[in-house]
Each structure stands twice: as C-alpha cells, then as structure tokens.
Amino acid sequence: MIITPATILSLSFAVLLLVVLLALFLRSHQRLLITAGYSLMAVAALLTAGAGVWAVSRGTIAQVILPLGLPDLPVHLRLDHLSGFFLAVIGLLAFFVSVYSVGYVKGFLGHRQVTSLVIFSSLFLAGMFLVVLSDDAFIFLVSWEIMAASSYFLVLFEDERIENRRAALLYLVVAHVGAIAILLSFGVMAGLATDYHGFEGYTFDAMRETDLPAGWATAAFLLAFFGFSAKAGVVPLHVWLPEAHPVAPSNVSALMSGVMLKTAIYGIIRVVFDLIGDFPVWWGALVLIFGLISAVVGMLSAVMQQDLKKLLAYSSVKNIGIILIGIGLSMIFSSSEMVLLAALALIAALYHTLNHAMYKGLLFMGAGAVLHATHERNMENMGGLIRDLPWTAALFLVGCVSISALPPFNGFVSEWLTYQAFLLSPALESPILNLLIPLGAALLALSGALAAAGFVKAFGITFLGHRRGTHHHRVHEVGWAMRAGMLLAAITCLGLGVFPTYLIHWMDPITEQLVGGKIASSAAGFGWMWLTPIAAERASYSAPVAFVGILAVVVVTYLILHTRPGTIHRVPLWDCGFEKITSRMQYTATSFSMPLRRILGFLFSVKEEVKPFPPGAHPAFPERLQYRLRVRDRFWGWLYKPVIDVSFWISRKVGKLQQGRIQVYLIYSFVTIIVLLLFL
Amino acid sequence: MSYAFAAQLNSLLAALILLTAFAMLVQRRMYALLHLFAWQGLFLSISTAVVGFAAQSHHLYISSVLTLAIKVILLPYILHVLIRKLKIHREVETIVNVPTTMLIGIALVIFSYHLTAPIRELSTLMTKSTLAVALATVMLGLLMMITRRHAVTQIIGFLAMENGLFFAATSATYGMPLVVELGVALDILIAAFIFGIFFFHINTTFDSLDVDQMARLKEED
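Heads up: the sequence lines are chains B and Y, in that order. Take the first sequence: its letters are residues -19 to 660, numbered as in our numbering. Take the second sequence: its letters are residues 258 to 478, numbered as in our numbering.
So this is what it looks like as structure tokens:
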C-alpha cells in the first residue's frame, strides 16, 4: 500500500472512532479509559499533524468522493495546502493537549464520570479535522455542526453549576446563528453556480468555477463573514467566548481557544480567497476594521479581568483580531493586484494562526494546571505560586512572553510580519486607505502594549508575590503528563520564534495557491538566519541572533550573580516602618488594571462602590471597607439586549395565537387548507 | 351489471355518503352519531366494491372488505364500548348552532365542486363526478371537529375525514396501492386504540371529555 497523507488521515479518523467505542466499553474503568483514550487521541492528532505538514510541503492536491450522505449528493473531501496547514495546526495542538489531558482529566476521578468528556473530545477533534477537509457545503456544515455540538457538551461538562449551563446555551445560540449565516452564504453560491437548477452547485469545485455577480458575491461574503465571525469571536460577536471558555475544562478551553476559533479563520480564507476569489477593495477594508476593533477591545477587556481563564479568553479575541488584520491587508493588497504584499500579509495571518494556537494552548494548559493545583480561577486569591509550581510558572511565563510578542519567541515574528505588511501599504493607490492604514498600525501597537500589560498582570498576580487566598492548603506541582504537554508547546513556541524562515518556506505553497504570490525566496534571501520579508533594505530580523544574544545576556548575568559570593543578599523586605506586612498589602488584579480603567473605562460600563463594613458603621471609622467592582461589556447592552427584548416581545405577540383550544387550532389548519386550495 | 349502471350506483352511494356526512354534522346524540358513522363506512365499502367491479381492479375488493371490517364493525364497536364505559351518552353540545353549521357545510360542498371542476374535465374515470363529494366529506369532517366540543365527537370527525380521503383515493385513481391501504387501515386501528387510552386518562384527569377543559393546559404568561 502506498502511504499518502490521505491514508494517514483515514487511519487517524479510525483511531478517533476507536476512542469513542472504547469509551463506551470502558465506562467502569475510568482511569484506564483516560490513559488509553487520550493516548490514542494524541496518536491520531500526531498522525493528522504529520499528514498536514506533508500535504503542504508535497504540494499536491488530493480529492476523494465518498459515497456517503444523501442519495446523489456524495461527500467530497479535499486535502490541499490550506487544509493541510490547518490540519497541521489543529493536529499539533491537539497532540500537546491530549498528552496534557492524560494528567489533567485524572483530576476529575472520584468526582464525576469522564466518559462523556472522552467521547466528545474525540468527536470534537474529528469534527475539526473534517471541517478543514470538506470540499462541499453539505459535509462542511455537517462537520461544522459536529464540532459545535460536541464542544457544547464539552463546555457543559460540569453541568451542575448554573453559570456553565448559561454559558453553554449562549455558545450554542451564537454558534447556530453563525451556522445559519454560513448556510445561507453557501446557499447563495451554490444556487448561482447552477442558476437554481439542480443540486450540483453544492460542491466547492462548482462554487470555485462560478463567477458571481457583484451584488450576490457581496451578499455571500457578508453572510459568510458574519457566520464565521460569530464562531471566531470577532467583536461584537465575541460575547460567548469569555463565558464559555472559562467554564469548560481547561484542556477543552485550550482546544477551543487554540484551534476551534481557527476553523472560522479557515472558513473566511477558504470562502474569500478560494471560493469567491475575486473581490473589491472594501471587503478587505471591512475585515481589517473588524480585526482592529477586535484587537483593541479584546485586549482591553482582557486586562480588566480578574478571572485568569476569562483574561485568556478575551486575549483570544485580540489575537483573532490580529489574524483578521493580516487577512484584511492581504485582501486589500490582493484586490489591488500586489501579489507579493498579499502573500506577505497572508503569511503573517497564517503564521499568527499557528503561533496563537501554540501559545494560547500553552497558556490555557498553564491556567488549567493552576486550577488543578489550587482549585481557583480568581487571580485575587492566587499569588506566590511560583514557589509551589515552578514548572508551571516557567512554562506559563514562556506563553506570556510569546503572546506579548517579545523576541525570540514566536509571537514576535508574526506580529512583526503584520507590521511589515502595514508599513508597506503606502504602495496602495487609494489615498483614503493610505491615510487609514497607518492609523490601524497605531491601533495594533496599542493592542500590543495592552497585551504586554495584561500578561504582566496574568503572570505577576498569579505566580509572584504572596498568596492572597484565604485557605492555605498545600499546593503541589502537577504531574509529568501535564508538564510534558506544556513543555512540548513551549518548545514549539521557541522553535517557531527562532526558525521563521523555514516555516515561511514551508507555508509558501499556500499563498501561491490562494493569492498567486510567494515570498520565501525574498524572505530567506540572506540565508536562514535573516528574515527579510520583501527586501533587506526595508526590514530584516534575525531570530537566531536575537535568541543567542538574549540567551548570552541571561547566562552572563546569571553567572555574574551566582558565581561570586556575596553578590546576593537575602534580607527582610522594607516595610515602610509598618512592621507587619501581610499578603493583603500587595498589588491585586483589580488594582493592577486601575489606571487603564480610569483612562479607558468609558468603553465599559464600570460600577464601582466603596462601602464601610459592617453596614451600620460610621463612615469615618469603618472596621473595614468593602469594595465592589463590576466591569461589563457595553456590547451586551448595545447589541444583544435589544435583540433579546424584541424577540421576547414578538414571542409574546405570537403567543396570543396559542389559545389552548383545540377548535382554534383546527380552524387554523382549516383556513390554511382552504386558502391553499383557493390560490394554488 | 353494466358499466353505466355501476356509474349510476356509485353516484348514488356518493350522495348517500354526503348525506351521512351532513347528518353527522347536525346529529346531537352520541349513539346516533356512531350509527351514522357506521352507515357512512358501509356506503363507502359498497362504493369501493362497485368501483372495483366496474374498473376490473380486484384489489379494491380487499379494500372494500377491510373498510367493512374496520370502519363498519370494529371502530364503531370500540367507540361504543368507550361511550358506555365512560358514560357519555348524553347529548353533544355544539359551539356553532345547527343552521349556521349547515350553511357553512353547503358552502363547503359548493366550494369543493368549484375546485374539482378542472379535474372533472380532464379525467376519464367513471368516478370523476364523485371526487367533489369526497373532498366535501373531508372538509365536513374537519368542520365537525371544529364545531364540536366533545373529544369523542372530534374523533368521529377525524375518522369521517379519513373516510373522505379514502373515497377521494378511489374516485380519483381507482384506489391507492394495496400496501398503502393496508397501512392506512392499520394506522386507523392503532389510532383508535390510542384515542381510547387517552380518553380514559383525560377523563380521569379532568372529570370530563369536554376539550374546552384542556385549554387549561396552555402555558400562562
């Protein structure tokens, strides 16, 4: 048998199916189920990632038509460069997370059955793999729904808490509103592909070959963009994200935030560049604007959070924003016929997709490790964990540095490439775009600075200082499996940051397929050490040099401090003469973000009140002060509440039809029949 | 029996079916209503047999026997037992008064003739003139369900509607394939059992089979 990416993929699907069956038979052996189930999932994920990497580098397109599904509408699957890339991203993170889950899920032993978690994790992975492999609208939507439904059950795993049920419901509603929009978008394209005769238009091939009229193309694009944005969590459709991600088990949050959002990015790229293919400049501008809004608003909201996982969830909104910025720029350049720049921007977006999957997965796994060890999500009750969880702290720090876009880690490379795309935009013809795009670069810089602040907060408040919590039970470092999962992700973050030229060389066929340009030759024009996106005189960055330099500085400093005796003194902390320092006298998560709340609080609805405690005490002599703070998204009040109110109003009006009397219902059907008979 | 005579006979039976439908619409006593339903079934059965004879499609004989067994004997018997067990032989109250119901019924018959006019012109079957009656019977059954309060009368209305559909099938196309008819007959039988069980439950829950009581089941806001 000849081994091809396609055979590897079928093997991987078979393994995932096996996990589901295994879970059904091993219900009474939970510990074995976790080890076996997640190990098999790790194998499947690794196989998929391998197939994806191979498919991208081999550069051929494999298509299969399976005689499944509805009669006369067989399932089309296709493995091309783009889907190969996304398979690699999803598979790689799924591999890390599965390794991590072997340890993490054991934390549930004794509390609850994990059978459903294993089954739905496996289905979730299979759904995501299928989404990127789909080559017709039908199987795409089916796998999209498999993905949405299984992740709904994963969010709902700890279903005894009302907030979890509420979050899961919100997620399901937003996911389905999005799915309807996607369905309609495919409907427009499929219908026009055959002029509304026959069903053959449902294949992506048919959609590719159709030249849509401008109006219909716009409708299809807007619907698809709306639908995929709902899944990706683009502001203002992001409200489900900070609700659903924190309440899911952390290995699930890692997958949802790290790769499930990326399937929406895949959808946007697939529809825009591949299926529609020909578009006006303003589409790109629209994507760019929403990307900028998401980047700034998402990160700003993240900084305000006290819940570690909520902070991470909001920062996913920001990163999706950055990816959209790349895609938007690529669309602008592509419709202005500048293929090289379009390729650069698309590479930046894809690179950021890969990077975000890795470090956000790492960070959620880290947050999960903290949760596992302390049973605490609120940062106000953490602090000083670096002493108890040295591994987790170090690996979480790697994630924080990567996401804050500091060299030599991977976040820097992709954000730098995005800036390069911004800075090369003066080549555009349109003066308005030339004016606006630099503003966008400034906003991106703002969101980058906010990200740094947010992750200094995330790391500092969680791991540094003293423990703030009330209960002081001993905290233990997490087990080897969880550490291994995080370590692998951290190493990947470093690798992606140090060897960008290889990655860009690998990704080149994707941009060639989608926008018709490639940048590998210019990007690696000065050897693998130097990354020169367009030309060396414009900009260049050598990741290995930066890495070695930083490493050298760190090593030299360490040696200077630790080799000579007497350079390090350990003395009591200066306490301003107060004598008794308690753990309450340190920065908290709330106080850390106070300056930003003062400056940019108008973007949120901030409610702050200070009350003396006990309630009857004289305000001048309170025993204690009670401080209450509530920061809420304004989008909820602006966008969602009116929709909810209107739908309730309509439901109440329509409810009047429900008289509860059987005769009335019969009259309805009678009148309907008569009217139909009369007019048809 | 000649072809023309069969057609005449079929028209007569159609008229009788329509007549029983109207009689059911105005009949206020439960037992009488049941007997009317049985009569309608009988006419339907004979009509099916006649059509089967005239059109030389012998599977219609089986349909005819089935109709006779189920709609003339079995269903009336089940409903009879039901009525006796539940002690509901008192008069049936209608929502709309009798003359108005009759007028609406007549309007429906005219409407049916109007609707089937184009089919009558195209069709070459001998039963083409009875299609309008079949449609009218369906509508009258529905009308009966709407104008009555009692759950049992609603079921009889529903079964009368089914009679109409069956008649429509025979008159429009000389009957459905036998498999379909067998399935429908079985469905009706099972439906009757389910109705029976439900009536017992409704009766014990509400102490009445007046469907107006069930308006209480509606969600309040």
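Using N, Cα and C, we set each Cβ at its ideal position, and we do this for glycine too.
To the nearest angstrom, report how far apart residue i and residue j are at their CA atoms.
i	j	result
leucine 665/B	glycine 178/B	The requested residue 665/B does not occur in the structure, where chain B is confined to residues -19 to 660.
proline 47/B	isoleucine 484/B	37 Å
threonine 472/B	leucine 150/B	34 Å
leucine 657/B	glutamine 313/Y	32 Å
phenylalanine 593/B	arginine 604/B	5 Å
arginine 357/B	leucine 288/B	6 Å
serine 520/B	glycine 83/B	42 Å
proline -15/B	valine 69/B	15 Å
glutamate 492/B	leucine 320/B	10 Å
leucine 299/Y	phenylalanine 463/Y	35 Å
alanine 280/Y	alanine 442/Y	24 Å
asparagine 361/B	glycine 617/B	30 Å
glycine 475/B	alanine 322/B	25 Å
threonine 115/B	leucine 163/B	Note that residue 115/B is aspartate in the sequence shown, not threonine. Distance between the alpha carbons of aspartate 115/B and leucine 163/B: 14 Å.
valine 283/Y	phenylalanine 206/B	59 Å
Does the separation of the CB atoms of residue i and residue j fall below 8 Å?
i	j	result
isoleucine 300/B	serine 274/B	yes
glycine 64/B	alanine 35/B	yes
valine 390/Y	isoleucine 303/Y	no
glycine 420/B	phenylalanine 402/B	yes
leucine 235/B	valine 44/B	no
leucine 97/B	leucine 136/B	no
glycine 453/Y	leucine 339/Y	yes
leucine 73/B	methionine 466/B	no
proline 489/B	alanine 503/B	no
leucine 270/Y	valine 307/Y	yes
threonine 372/B	glutamate 457/B	yes
alanine 408/Y	leucine 466/Y	yes
alanine 329/B	isoleucine 303/B	yes
arginine 448/B	threonine 568/B	yes
valine 393/B	proline 480/B	yes
valine 0/B	leucine 110/B	no
alanine 244/B	lysine 211/B	yes
arginine 641/B	alanine 472/Y	yes
isoleucine 383/B	leucine 416/B	no
Heavy atom of the ligand MG less than 7 Å from the Cβ of residue i, yes or no?
i	result
tyrosine 482/B	Among the components of this structure there are no ligands whatsoever, and the ligand MG is therefore not found.
When burial is assigned at 16 or more other CB atoms within 10 Å of the CB, is residue i buried or exposed?
i	result
glycine 362/Y	buried
aspartate 52/B	exposed
threonine 442/B	buried
asparagine 673/B	For residue 673/B there is no data in the structure shown, the boundaries of chain B being -19 and 660.
glutamate 395/B	buried
glycine 635/B	exposed
alanine 194/B	exposed
histidine 91/B	exposed
tyrosine 334/Y	exposed
glutamate 589/B	exposed
valine 381/B	buried
tryptophan 460/B	exposed
glycine 30/B	buried
tryptophan 263/B	buried
arginine 577/B	buried
Practice problem: Check distances from the C-beta atoms of the stretch 396 to 410 of chain Y to those of chain B and list, in chain order, the residues that come in under 9 Å. | Solution: Met396, Leu399, Leu400, Met402, Ile403, Thr404, Arg405, Arg406, Ala408
Exercise. Could you tell me which uninterrupted alpha helix (DSSP H) segments, each at least 4 residues in length, are contained entirely in the stretch 362 to 398 of chain B, listed from first to last along the chain?
Key: 365 to 368, 370 to 383
Quiz item: For the stretch 624 to 654 of chain B, which residues have a beta carbon sitting closer than 8 Å to at least one beta carbon of chain Y?
Solution: Arg632, Gly635, Gln638, Gln639, Gly640, Arg641, Ile642, Gln643, Leu646, Ile647, Ser649, Phe650, Ile653, Ile654
Practice problem: Please specify which runs of the alpha helix (DSSP H), each continuous and at least 4 residues long, are wholly inside the stretch 436 to 490 of chain B, giving them in chain order. | Solution: 460 to 478
Quiz item: When Cβ atoms are compared, which residues of the stretch 282 to 316 of chain Y fall closer than 7 Å to chain B?
Solution: none
Practice problem: Give, in chain order, every residue of the stretch 407 to 440 of chain Y whose Cβ lies closer than 8 Å to some Cβ of chain B. | Solution: Gln411
Self-check item: Under 7 Å (Cβ pairs) to chain B, residues found in the stretch 365 to 386 of chain Y
Solution: Leu372
Practice problem: Counting only runs of 3+ residues fully inside the stretch 567 to 594 of chain B, write out the beta strand (DSSP E) ranges in chain order. | Solution: 584 to 593
Quiz item: Given a limit of 7 Å on CB to CB distance, which residues of the stretch 311 to 344 of chain B reach chain Y?
Solution: none
Practice problem: Using a Cβ-Cβ cut-off of less than 8 Å, give me the residues of the stretch 329 to 358 of chain Y that come near chain B, in sequence order. | Solution: Ile352
Practice problem: Could you name each continuous alpha helix (DSSP H) segment of 4 residues or more that falls completely within the stretch 389 to 471 of chain Y, going from the start of the chain to the end? | Solution: 408 to 430, 435 to 463
Exercise. Can you give me, in chain order, the residues of the stretch 237 to 261 of chain B that have a beta carbon less than 8 Å from any beta carbon in chain Y?
Key: none
Self-check item: Selection of the stretch 52 to 64 of chain B by Cβ proximity to chain Y, strictly under 7 Å
Solution: none
Self-check item: Complete alpha helix (DSSP H) runs within the stretch 278 to 319 of chain Y (minimum length 4 residues, chain order)
Solution: 287 to 312
Quiz item: At a Cβ cut of 8 Å, what residues of the stretch 117 to 141 of chain B count as close to chain Y, listed as they run along the chain?
Solution: none
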